[in-house]
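The block underneath contains the structure these notes are about, expressed in structure tokens.
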Amino acid sequence: MLFEPIRFRNTELPNRIVMSPMCMYSCKEGVVNDFHFTHYTSRAYGGTGLIIVEGTSVSREGMISPEDVGLWNDEQAEALSKIVKHIHDNTETKVGIQLAHAGRKAGTRNGEQLALEDGGWETLAPSPIPYKPEERVPHELTKEEITEIAQQFAAAARRAVNAGFDLVEIHAAHGYLLHEFLSPVSNERTDEYGGSLENRSLFLMEVIAAVRKIIGEERPLFVRISADEYAENGWDLNQSIELCKSLKTAGVDLIDVSSGGNIHGARINVFNGYQVPFAAEIKKQVGISVGAVGLITAPQQAEEILQNGEADLVFLGRELLRNPYFAVQASFEMKEPCFFPRQYERGRPRQ
Ligand SMILES: Cc1cc2nc3c(=O)[nH]c(=O)nc-3n(C[C@H](O)[C@H](O)[C@H](O)COP(=O)(O)O)c2cc1C
0 MLFEPIRFRN
10 TELPNRIVMS
20 PMCMYSCKEG
30 VVNDFHFTHY
40 TSRAYGGTGL
50 IIVEGTSVSR
60 EGMISPEDVG
70 LWNDEQAEAL
80 SKIVKHIHDN
90 TETKVGIQLA
100 HAGRKAGTRN
110 GEQLALEDGG
120 WETLAPSPIP
130 YKPEERVPHE
140 LTKEEITEIA
150 QQFAAAARRA
160 VNAGFDLVEI
170 HAAHGYLLHE
180 FLSPVSNERT
190 DEYGGSLENR
200 SLFLMEVIAA
210 VRKIIGEERP
220 LFVRISADEY
230 AENGWDLNQS
240 IELCKSLKTA
250 GVDLIDVSSG
260 GNIHGARINV
270 FNGYQVPFAA
280 EIKKQVGISV
290 GAVGLITAPQ
300 QAEEILQNGE
310 ADLVFLGREL
320 LRNPYFAVQA
330 SFEMKEPCFF
340 PRQYERGRPR
350 Q
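Quick note on numbering: numbering that gives the first Met the number 0 labels position 226 of the sequence shown as 225, and the sequence is numbered without any gaps.
Structure (structure tokens):
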């Protein structure tokens, strides 16, 4: 199944192998450069079915670090469009982009919050609760500011469409702004954005609606969530399932199922495929397409996840950092068809 094409709306992926979004922290002013061009086009030449470009901030304050990719101006969009065009013109890979806002986890370097005098900035959050106790207290967003950020997601989505991206993924995981609203640990609001699960989900639902309006009915929309944040009375699988029912109704095409990131010091038991059961449960309970991610490193392991009906796509992160040719090599091993650059034909293994 790994090399069976799959369609989401008007976009057909040539196979089920996805490059998981991974921040490279290598931009100036949010503009991608030759490093990113080489990095992403290599994974496309390696046969990856779908590349999701790293967490890309919808605003300056939303950057995890000053070196993040941004998509709030035309220069940033233009630089990204060159990568997308090259991949479309030369390979079969489809390209998406993950739109993000880091919320209270913005303004860091190597995971440490930057002091204001070192280029840090005031962070934004649903409630004035820092991620780590020693960090600055984030600004509690007003309703007007929440609406403004939803519009920033929409504006970035418009630039993504114009830059030629095939799909958009909204980052609502890993303790960044949208996840902060979902979790009762980071959201103590008393207005319509806090309290019940429905209220905590409202901001994400508004972002989804605003982005869908821009990208239209033909382009797929994915959402990455943390299915569990490993905290007592925190965000968990049951709430994720309820949220995903609403996301399905709202026309989201796939849930990219990750976990963690909102609770500093949370203990996570990490092992091969450790997040796959979350994806499988969401797929089963909600009847929506899901992506599995987390320590998937071997073709047979990926194939099994698909064969077991646990996920529709497999997302690979670090394995694709080690091996940009993962997909095409897997296809040789499994004797399945996969894109291979015509220039490299003489390197094809003899069957
Ligand atoms: C260098 C690096 C950067 C990452 N950046 C992002 C990101 O921008 N957005 C995101 O949702 N996850 C990010 N992640 C998480 C990965 O997408 C993936 O979920 C995680 O690495 C687990 O998959 P793996 O075991 O295949 O690496 C990052 C991971 C790494 C290693």
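Think of the CB as a built atom: it goes at the ideal place given N, C-alpha and C, for glycine as much as any other residue.
- Message: Less than 8 angstroms between the C-beta atoms of Lys247 and Val210, yes or no?
- Response: no
- Message: At the level of alpha carbons, what is the spacing between Ala76 and Tyr343?
- Response: 31 angstroms
- Message: Following a CB-centred definition, is Ala172 positioned closer than 7 angstroms to any heavy atom of ligand 1?
- Response: yes
- Message: Rounded to the nearest angstrom, what separates Glu139 and Glu121 at their Cα positions?
- Response: 11 angstroms
- For Arg223, count neighbouring Cβ atoms within 10 angstroms of its own Cβ and tell me buried if that reaches 16, exposed if not. buried
- Message: Does the distance between the C-beta of Met62 and the nearest non-hydrogen atom of ligand 1 fall short of 7 angstroms?
- Response: Between ligand 1 and the CB of Met62, the shortest heavy atom gap is not smaller than 7 angstroms.
- ligand 1 heavy atoms versus the CB of Cys22: any closer than 7 angstroms? yes
- Decide if the stretch 46 to 56 is in contact with the stretch 92 to 103; the criterion is three or more beta carbon pairs, one per stretch, under 8 angstroms apart. yes
- Go through its chain and collect everything with a Cβ distance to Val64's Cβ below 7 angstroms, but skip five positions before and after it. The residue asked about is misnamed: residue 64 is Ser in this sequence, not Val. Here the set comprises Tyr24, Thr107 and Arg108.
- When the Cα of Glu168 is compared with those of Leu253, Pro298 and Pro340, which residue comes out closest? Leu253
- Reference Tyr130; option with closest CA among Thr146, Glu66 and Gly110: Checked all of Thr146, Glu66 and Gly110; the closest Cα to Tyr130 is Gly110.
- Straight-line gap, Glu74 to Ala162 (C-alpha atoms, nearest Å): CA-CA distance, Glu74 to Ala162, rounds to 11 angstroms.
- Query: Where do the ends of the beta strand (DSSP E) carrying Asp255 lie?
  - Reply: Leu253 to Ser257
- Message: Can you give me the C-alpha to C-alpha distance between Arg188 and Ser200, rounded to a whole angstrom?
- Response: 12 angstroms
- Item | Cβ contact (3+ pairs, closer than 8 angstroms) linking the stretch 318 to 336 and the stretch 262 to 278 | Of all C-beta pairs linking the stretch 318 to 336 to the stretch 262 to 278, fewer than three are shorter than 8 angstroms, placing the two stretches out of contact.
- Mark Gln299 as exposed unless 16 or more other C-beta atoms lie within 10 angstroms of its C-beta, in which case mark it buried. Result: exposed.
- For Val251, count neighbouring C-beta atoms within 10 Å of its own C-beta (all shown protein chains included) and say buried if the count is 16 or more, exposed if not. Buried, because 16 or more other Cβ atoms sit within 10 Å of the Cβ of Val251.
- Query: At what residues does the beta strand (DSSP E) containing Arg223 begin and finish?
  - Reply: Leu220 to Ser225
- When you compare each of Ala153, Ser239 and Leu115 to Val136 by their alpha carbons, which one comes out closest? Leu115
- Query: Out of Ser182, Ala226, Trp71 and Ile82, which has the shortest C-alpha to C-alpha gap to Ala149?
  - Reply: Trp71
- Item | First and last residue of the uninterrupted alpha helix (DSSP H) at Phe314 | Run containing Phe314: none in the alpha helix (DSSP H); it sits in the beta strand (DSSP E), Leu312 to Leu315.
- Task: Using only alpha-carbon positions, find the residue among Phe7, Leu177, Ala155 and Arg347 that is nearest to Val68.
- Result: Ala155
- Task: Decide if the stretch 256 to 263 is in contact with the stretch 215 to 229; the criterion is three or more beta carbon pairs, one per stretch, under 8 angstroms apart.
- Result: yes
- Item | Cβ shell of Ser126 (< 7 angstroms), same chain only, five flanking positions each side left out | Glu139, Ser185, Asn186, Glu187 and Arg188
- Where do the N-terminal and C-terminal ends of the alpha helix (DSSP H) with Val83 fall, by residue? Element bounds for Val83: Asp73 to Asn89.
- Task: Tell me whether Asn400 is buried or exposed, calling it buried when 16 or more other Cβ atoms sit within 10 Å of its Cβ.
- Result: Because the chain here runs from 0 to 350, residue 400 falls outside it and cannot be looked at.
- Does the beta carbon of Gly293 fall short of 7 angstroms from some heavy atom of ligand 1? yes
- Query: Mind checking Pro348: buried by the 16 CB within 10 Å criterion, or exposed?
  - Reply: With fewer than 16 other Cβ atoms within 10 Å, it is exposed.
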